[in-house]
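Below is one structure; the comments refer to it alone.
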Amino acid sequence: MIEIIQTDITTLEIDAIVNAANTSLLGGGGVDGAVHRAAGPELLTFNKTLGGCEVGQVKLAPGFNLAADWIIHTVGPVWQGGTRGETELLRSCYINSLELAVSKSYREIAFPAISTGIYGFPIEPATNIALTAMKKYEHTFTRIIACCFSEADRGVYQALLD
Ligand code: APR
Numbered sequence: 003m004i005e006i007i008q009t010d011i012t013t014l015e016i017d018a019i020v021n022a023a024n025t026s027l028l029g030g031g032g033v034d035g036a037v038h039r040a041a042g043p044e045l046l047t048f049n050k051t052l053g054g055c056e057v058g059q060v061k062l063a064p065g066f067n068l069a070a071d072w073i074i075h076t077v078g079p080v081w082q083g084g085t086r087g088e089t090e091l092l093r094s095c096y097i098n099s100l101e102l103a104v105s106k107s108y109r110e111i112a113f114p115a116i117s118t119g120i121y122g123f124p125i126e127p128a129t130n131i132a133l134t135a136m137k138k139y140e141h142t143f144t145r146i147i148a149c150c151f152s153e154a155d156r157g158v159y160q161a162l163l164d
């Protein structure tokens, strides 16, 4: 089932959390920065063996010091007005993350609001894309968590889910 919560995703003790990374996988700000801080320096060392990640794709990493066992890195599209395939690329982030989790038999997965921070994707359409993808998999997982960081985002997710 789909759960909407408002917390720091690095505190979730579940199979996998999804990280909104960049193509280098060498860390950054936002949730990527929080994930690296919580996981510790071994994450960066590991990521350097991954050879980066393309937009819309996913790469798997151990959680290291994170509460979660695994990290699914994905790279969301930078919003450029909506005419450069951003919708399809963001949908790919969610679907590819869910498919990877299915292939590993994870039962619980949590997502941040991918691309809606530094990458500037408007929260409403991004939330629609996120929830539509999650709905397709809600019977495959015990819990699919939409982990919002702000009350405002949680409100958007809740309103759309209702
Ligand atoms: N837990 C959950 N959500 C968080 C956290 C956290 N600890 N920190 C930030 N967020 C939220 C933001 O509030 C936003 O709603 O994650 C969402 C995604 O925002 P960003 O982290 O800025 O990610 P994104 O917009 O996809 O931009 C990716 O930012 O951090 C860099 O290296 C990253 O270059 C990449 C870019």
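Numbering of the sequence shown is given in the working numbering, commencing with residue 3 and proceeding in unit increments.
Ideal placement from N, C-alpha and C gives every residue a C-beta, glycine not left out.
Predicted, not measured: the structure shown is a model, and the values here were computed from it.
Item: Assigned secondary structure, PRO43 (DSSP; H/G/I helix, E/B strand, else coil); Value: helix
Item: Among ASP155, LEU163, LEU162, ALA161, nearest to GLN8 - alpha-carbon criterion; Value: ASP155
Item: Limits of the beta strand (DSSP E) - the one that THR76 falls within; Value: 72-77
Item: GLY78 and ALA22 closer than 8 angstroms at C-beta; Value: yes
Item: Member of ALA63, VAL57, PHE123, GLY54 whose CA lies at the smallest distance from the CA of GLY42; Value: ALA63
Item: Where the beta strand (DSSP E) containing PRO114 begins and where it ends; Value: No beta strand (DSSP E) holds PRO114; DSSP gives it neither H nor E.
Item: Backbone secondary structure at ARG145 - three-state DSSP; Value: strand
Item: Residues that DSSP places opposite VAL20 in a beta bridge; Value: ILE74
Item: Inter-residue spacing [alpha-carbon to alpha-carbon] between ILE120 and PHE143; Value: 29 angstroms
Item: Spatially closest choice to THR129 from ASP164, GLY54, ASN98, PHE66, by CA coordinates; Value: ASP164
Item: Coil, strand or helix - ALA69 by DSSP; Value: coil
Item: Contact test: THR129 Cβ vs ligand 1 heavy atom, cutoff 7 angstroms; Value: no
Item: 8 angstroms CB neighbourhood of GLU2 in its chain, flanking five on each side removed; Value: There is no way to answer for residue 2, as the model of the chain reaches only from 3 to 164.
Item: Contact belief for GLU88 with GLN82 at Cβ below 8 angstroms, rounded distance in angstroms; Value: 7 angstroms
Item: Beta-carbon separation (whole angstroms), ILE4 vs GLU140, contact threshold 8 angstroms; Value: 5 angstroms
Item: Distance between ASP17 and TRP72 (C-alpha atoms, nearest Å); Value: 6 angstroms
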